[in-house]
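*Asks:* Pasting a structure below so you can have a look.
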Amino acid sequence: MPVGGVGLTELLQHLFLGLVQGCFYVLLALGLSIIFGLMGIINFGHGVFYMLGAYVGYTVVALVAAPVLGPNLAFLVALLSVPLVMFCLGMVFERFVMSRIYGTANARFAGVLLTFGLSIFLPDFVRMIWGRPGKPSHIPPMLEFSLLQIGAFDVSAYRTFVVVVAAVLVTLLWLILFRTNLGMVIRAGTSNNTMVQVLGINVSRVWTQTFGLGIALAGFAGLMLSPLLAVDPTMGDLILIQTFIVVVVGGMGSFIGPVIGGLIVGQLWALTPLIGRTEFVVQYLSGTLIGPAFWEKASDILLFIVMSLILLLRPRGLFGQEGAFD
Amino acid sequence: MGPDRPHDRFPVREFRAWFFDAFDRYGIIILAGFLAVYPALFAGLNQSIRLAEDADWEGLAEALATLRGFVPSTPLMIQILIYAYFGIAFNILLGNAGMISLGHSAFFGVGGYTVGLMHSWFKPDTGVPRWMTDTFVRLPLEISLISALVVSALVALAIGKLASAKRGVYFAMLTLALSQVFYYAAQTFDTITGGTDGRGGLANMRLGSLDLRVGIMDATVTYYFIFIVAGIATALIWQILRSPFGQVLRAVRENETRARNCGYDTNRVRLCAFILSGTFSGLAGALAIIYGESVPIENIHFVTSGQVVIITLFGGAGTFLGPAVGSFIYWYLRQLMSTEFVKYLAIFQYWEMWVGGIFILIVLFVPAGILGAIHNWTMEFRLRRALELGGRRDEAGRGVTVPQDVPAATRRQDTDARS
Amino acid sequence: MPVLEARRLSKHFGGLIAVNRVDYRVEPGELRSIIGPNGAGKTTFFNMIAGDLPATSGQVIFKGQDVTKLSTFQRSHKGLGRTYQITNIFPRLTVLENVRIAAQSRKTTFNMWTAVPRHRELLDKAEEIVERIRLADKRHHLAGTLAHGEQRYLEIGITLATDPELLLLDEPTAGMSPEESRQTAEFIRTLANPLTVVLVEHDMEIVMGISDRITVLHNGEVLAEGTVDEIRADTDVRRVYLRD
């Protein structure tokens, strides 16, 4: 049952992959948005923390799994421990490096520079500790099956797991932000930092924890993605830029912006290759610069085009706050 | 003004004032002179080593060889010069207009690709019309360099239109993301650009008007060519920055609202600065591939945008030559670490780790950059001078950006203390 | 012809009406003040006139021309100058440069070919204004290092350098000591001819001392308008102010 030249199962498969990819984007974009919303700093180190999460996960799994618990339990241990480790690392970085520039003029710029510097520092640091070639990462055996398989449509258990976990996390995050005192402080701090300080709340601790939370989300995303892709020191580069695209598209300053933005961008990313397989392209554009071969690899370019369109037509993003950027 | 006042009892201050004065005025000339003879100096060092070896003066030969390990080679100086110029072009935006662009790799890479592609097209069997290949038997560099300028200007216009309406860190994010389109385009259209392998085989580039060959085989000629071209472009930038337009840029940097209120169309001003910076950066990218005779894809990747930011901040964005100092520090350290220090301690092979760490330290503790810190330290004397001269030498007219700490604490420049 | 006219000028922020169909008219050479309790809409009104805030409805007419759609920098070229409640200067430029660059806006923006000192007349003009605002001995100090009061004078100087015909001063004496405020009020009075000056102020003494006419805003509307004596006697005004 082809749809414009593309098989239905193929379409479903890509939609599913887009959903999975979207989940990663959502987690990353939420992390970035939380940090920006509270501290006004765009974390250019988001990509390398994502990468670090994968590496820490590898270490936990390889060191814990091999001898002791077996791959499945090891994976579960990683699921719990990696976010904690990344949370602590994020807090450490915030406390000892980032906090030094608060209150200075150009603090936001300095924040960008510091996180940028970290993004230069970490990959080579990782190479030094873990070696230059990438690390292998496997889907835990218990999730190595398919829930459903019709033609090209293959609902793998692991990917479904990713979607479920992401949904749980987003809900948890929403609950934290909108139903707890900490969340209230974070949201209040977003709109009026001075006032919050006057109320006697320990703002610096909230900032440290918030930063840690954002980093934990990034690292967790890295851990979850590692079985599906290679784990290497450069895996954060592309993801950082794609996360930026997501927050531009979805808009920062709201909760729903990164979520919807992430899902949309995920779909765009996954469906682009299909454009190259449609009848129209195959028939009329084969052999040209934008023939099927182009579309197979054009996901990234398409994302940029969409981002540029949003910038032109709706600069604050789909759900962004007006004037969130001075 | 003579040393009659009590606090001028010690001639040391007068000397310092004089020294900084002279350095200000003549430092550039001395530096330019030094750079002009550098290839000869380095060749002389090599020659001395050979002579020493021939004469069996092993101790001397070894000492000189060790020295050579710590001195930049001519090819490395070419690299330093190119990035020094690139940093200065970049600093039109950062230090002067107060705009943080993280996407300058687009201009650098596009400039390089323009030259590279044009030179590989102007050969038989590439589909370029006969009359073109006949007129330019080999494409002269002048044409491709000018084309690089034009193309970079267009790219800067495109990105600028989209991004320069935004401010601050959002602008930074946009320039980063928008510049990466070009990287992905280069990667995707790899039949044209050579993809991740880059485009090679650009031997035999000639400077048409002088019939001079440049490239790897002619390091010295290439050095002088790049030195002169970059030098002229730098002088142009210097002029632009000390012109009335330059002052407007700095006013926009200081307080955009106030600048608007004075009657300046700040959006147009920023776009103009962006295009200027992008065009000059494109030339830097073109020069970069002339020596290497190939276009690596890294030149259009974010890594290059990052390098120019690091270089500019190492030296300091608040002075004109800050990026040049930064370029020297960056490339020199990188070379030292990966070839010399690594002999003693293996972890120096991870030079990016060191660069990143040093960068963080500089942002935290020396935000004005190395040259900026030196300049700040000497500012005390400069300002006193200006005050003493009663306004005859006008700070406003010198075109030197008033010192700043880019991520700065609002420390008071304590000039009142002396009046 | 009035130098400035606001016709039914309004500003809505979502459901909040900050300024409600205000009519306002200023004749050339006048020194007018706008007063009112906090939240009365004074700065919002100012912002609309200066162009920093787009109006929701209504018109701003400057020297007979409708400038409602024009941006701040365009209005500046028409002859409208404005200072801010929170001092807005160029902190890392010198005092002299602050004024000079403002003067330069009338001459050139995109001139990249000459050097700044060549534009002698701009420097002279800046020197003159720096003298006038009594900052001549600090002309080479970075503006950010000046005392608060001096910075506010500098801001007035910057505005003067753009040859305005109408000067909008938003709380010029904010943060000043009583003595400084008095001096500033005197200084503003000297500006009034031939310039037209409109002040927003909190300090009633200043206002009473120098204004030709006073307008009282309350809840975004004009409560009363008249001479100093008329306002002093106005019962509505007394009620509003005594209640505060």
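Chains as they are written, first to last, in my numbering: chain Z, 14 to 339; chain L, 9 to 427; chain C, 428 to 671.
Note that CB positions come from ideal geometry on N, CA and C, so glycine has one too.
Keep in mind it's a predicted model, so treat the numbers as computed, not measured.
At a Cβ cut of 7 Å, what residues of the segment 310-321 of chain Z count as close to chain L, listed as they run along the chain?
*Replies:* K310, A311, D313, I314, F317, M320 and S321
*Asks:* On a CA-only basis, which of G116/Z, P153/Z, I258/Z and W308/Z is nearest L238/Z? Give me that one, please.
*Replies:* Here residue 238/Z refers to the residue found at position 225 when the first sequence is read from its first residue. If we check each option's Cα against that of L238/Z, P153/Z comes out closest.
*Asks:* Could you tell me if the beta carbon of G35/Z falls within a distance shorter than 7 Å of some heavy atom in the ligand FMN?
*Replies:* This structure lacks the ligand FMN, and indeed carries no ligand of any kind.
*Asks:* So the candidates are V634/C, H439/C and L594/C; which of them puts its Cα closest to the Cα of E613/C?
*Replies:* On the third sequence, residue 613/C is found 186 positions in, with the first residue counted as 1. Comparing Cα positions, the closest option is V634/C.
*Asks:* Just to confirm, is the Cβ distance from L244/L to G168/L under 8 Å?
*Replies:* Position 236 of the second sequence, counted from the first residue, corresponds to residue 244/L. Position 160 of the second sequence, counted from the first residue, corresponds to residue 168/L. It is not a contact, given that the beta carbons lie outside the stated cut-off.
*Asks:* Quick check: what's the CA-CA separation for T572/C versus A563/C?
*Replies:* Counting from one through the third sequence, the residue named residue 572/C turns up at place 145. Counting from one through the third sequence, the residue named residue 563/C turns up at place 136. Their backbone Cα atoms lie some 15 Å apart in a straight line.
*Asks:* Select from H151/Z, G164/Z, T184/Z and L188/Z the residue whose C-alpha is nearest the C-alpha of R172/Z.
*Replies:* Taking the first sequence and counting its residues from 1, the one referred to as residue 172/Z is at position 159. Out of H151/Z, G164/Z, T184/Z and L188/Z, H151/Z has the C-alpha closest to the C-alpha of R172/Z.
*Asks:* How many whole angstroms separate the CB atoms of T287/L and L157/L, which I take to be in contact at a CB cut-off of 8 Å?
*Replies:* Taking the second sequence and counting its residues from 1, the one referred to as residue 287/L is at position 279. Taking the second sequence and counting its residues from 1, the one referred to as residue 157/L is at position 149. T287/L to L157/L, Cβ: 6 Å. Contact.
*Asks:* For G279/Z, which of L315/Z, G130/Z and L298/Z has the nearest alpha-carbon?
*Replies:* Taking the first residue of the first sequence as 1, we reach residue 279/Z at position 266. When only C-alpha atoms are compared, the closest one is L315/Z.
*Asks:* Can you give the Cα-Cα distance for P429/C and M111/Z, rounded to whole angstroms?
*Replies:* By one-based count along the third sequence, residue 429/C stands at place 2. By one-based count along the first sequence, residue 111/Z stands at place 98. Taking the straight line joining both Cα atoms gives about 55 Å.
*Asks:* Considering only the beta carbon of each residue, do Y439/L and T536/C sit closer than 8 Å?
*Replies:* Because chain L in this structure spans residues 9 to 427, residue 439/L falls outside the shown range and cannot be described.
*Asks:* Using 8 Å as the cut-off, can you tell me whether the segment 42-60 of chain Z makes contact with the segment 121-130 of chain Z, which would need three or more C-beta pairs spanning the two stretches below that distance?
*Replies:* yes
*Asks:* Let's see if you can read the secondary structure: which residues bound the alpha helix (DSSP H) around A87/Z?
*Replies:* Residue numbering aside, residue 87/Z sits at position 74 when the first sequence is read from its first letter. A87/Z -> alpha helix (DSSP H) spans G83 to F109.
*Asks:* Please report how far the alpha carbon of V256/L lies from the alpha carbon of I248/L, in whole angstroms.
*Replies:* Against the second sequence, residue 256/L aligns to sequence position 248. Against the second sequence, residue 248/L aligns to sequence position 240. Each residue's Cα considered, the two are about 11 Å apart.
*Asks:* Take P621/C and list the residues in its own chain whose beta-carbon comes closer than 7 Å to its own, dropping the five residues that flank it on each side.
*Replies:* The sequence position of residue 621/C within the third sequence is 194, counting from 1. The answer, listed in chain order, is G456.
*Asks:* Return the CA-CA distance between D402/L and I258/Z, expressed in angstroms with no decimal places.
*Replies:* Translated into positions along the second sequence, residue 402/L becomes position 394. Translated into positions along the first sequence, residue 258/Z becomes position 245. Caution is warranted here: a pLDDT of 39 is assigned to D402/L, below 50, making its placement in the model unreliable, and the coordinate value is therefore given only provisionally. Taking the straight line from one Cα to the other gives about 47 Å.
*Asks:* To the nearest angstrom, how far is it from the Cα of A477/C to the Cα of R121/Z?
*Replies:* Indexing the third sequence from 1 puts residue 477/C at position 50. Indexing the first sequence from 1 puts residue 121/Z at position 108. Spanning the two alpha carbons is a distance of roughly 29 Å.
*Asks:* Using a Cβ cut-off of 8 Å (strictly closer), state whether L127/Z contacts chain L.
*Replies:* Within the first sequence, the letter at position 114 stands for residue 127/Z. Yes, its Cβ sits closer than 8 Å to a Cβ of chain L.
*Asks:* Cutting at 6 Å between CB atoms, please list the residues of its own chain near R435/C, excluding the five before and the five after it.
*Replies:* Within the third sequence, numbered from 1, the residue matching residue 435/C stands at position 8. Hits under 6 Å: R448 and G485.
*Asks:* What are the start and end residues of each continuous beta strand (DSSP E) run of 3 or more residues lying completely inside the segment 506-540 of chain C, in chain order?
*Replies:* 507-510
*Asks:* Let me see if you follow: with CB-CB separation under 8 Å, is R108/Z close to chain L or not?
*Replies:* Locating residue 108/Z in the first sequence gives position 95, counting from the first residue. By this cut-off, R108/Z is not an interface position.
*Asks:* Which of helix, strand or coil does DSSP assign to A404/L?
*Replies:* As a working mapping, residue 404/L is identified with position 396 in the second sequence. Because the pLDDT at A404/L is just 38, under 50, the model does not fix this residue reliably, and the point stays unresolved.
*Asks:* What do you reckon, are the CB atoms on Y38/Z and T184/Z nearer than 8 Å?
*Replies:* By one-based count along the first sequence, residue 38/Z stands at place 25. By one-based count along the first sequence, residue 184/Z stands at place 171. No, these two residues do not count as a Cβ contact at 8 Å.
*Asks:* Under 8 Å between the Cβ atoms of G289/Z and G274/Z?
*Replies:* For the purposes of this step, residue 289/Z is identified with residue 276 of the first sequence, where counting begins at 1. For the purposes of this step, residue 274/Z is identified with residue 261 of the first sequence, where counting begins at 1. The answer is no: Cβ separation not under 8 Å.
*Asks:* Taking only beta carbons into account, state which residues of the segment 590-605 of chain C come closer than 8 Å to chain L, listed in chain order.
*Replies:* Residues passing the 8 Å Cβ filter: none.
*Asks:* Tell me whether the segment 89-107 of chain L and the segment 320-337 of chain L touch, counting them as touching only if at least three CB pairs, one residue from each stretch, are closer than 8 Å.
*Replies:* yes
*Asks:* Chain Z partners of M85/L, CB-CB under 7 Å?
*Replies:* Here the question's residue 85/L lines up with position 77 in the second sequence. None at all; the shortest Cβ gap to chain Z is about 24 Å.
*Asks:* Return the Cβ separation of G196/Z and M64/Z in integer angstroms, given the expectation that the two are a contact with Cβ distance under 8 Å.
*Replies:* As a working mapping, residue 196/Z is identified with position 183 in the first sequence. As a working mapping, residue 64/Z is identified with position 51 in the first sequence. At roughly 28 Å, the Cβ-Cβ gap does not stay under 8 Å, so G196/Z and M64/Z are not in contact.
*Asks:* Quick one: complete alpha helix (DSSP H) runs, 4+ long, within the segment 215-255 of chain Z?
*Replies:* Runs of the alpha helix (DSSP H) inside the segment 215-255 of chain Z: 216-238.
*Asks:* Around the Cβ of P481/C, are there at least 16 other Cβ atoms within 10 angstroms (buried) or fewer (exposed)?
*Replies:* For this step, residue 481/C is matched to residue 54 along the third sequence. The residue in question, P481/C, is exposed, as its Cβ has fewer than 16 Cβ neighbours within 10 Å.
*Asks:* Between P689/C and chain L, is the shortest Cβ-Cβ distance under 8 Å, so that the two count as touching?
*Replies:* Because chain C is modelled from 428 through 671, residue 689/C falls outside the range shown and cannot be assessed.
*Asks:* Keeping to the same chain, check which residues put their C-beta closer than 8 Å to that of L520/C; ignore five residues upstream and five downstream.
*Replies:* Sequence index remark: in the third sequence, residue 520/C carries index 93 (1-based). Closer than 8 Å at Cβ, skipping near neighbours: I528, L569 and A570.
*Asks:* Quick check: what's the CA-CA separation for G405/L versus S532/C?
*Replies:* To locate residue 405/L, count along the second sequence from 1; it is residue 397. To locate residue 532/C, count along the third sequence from 1; it is residue 105. Caution is warranted here: a pLDDT of 35 is assigned to G405/L, below 50, making its placement in the model unreliable, and no coordinate value can be reported.
*Asks:* Starting from V453/C, follow the beta strand (DSSP E) in both directions and report where the run begins and ends.
*Replies:* Numbered from its first residue, the third sequence carries residue 453/C at position 26. Note, V453/C: beta strand (DSSP E), L443 to V453.
*Asks:* Consider the Cβ of S302/L: report whether some Cβ of chain C lies at a distance smaller than 8 Å.
*Replies:* The residue you call residue 302/L lines up with position 294 of the second sequence. Taking a beta-carbon distance threshold of 8 Å, S302/L does not count as an interface residue toward chain C.
*Asks:* How about Y231/L and T386/L: do their beta carbons lie closer than 8 Å?
*Replies:* For the purposes of this step, residue 231/L is identified with residue 223 of the second sequence, where counting begins at 1. For the purposes of this step, residue 386/L is identified with residue 378 of the second sequence, where counting begins at 1. Cβ distance not < 8 Å, so Y231/L and T386/L don't count as in contact.
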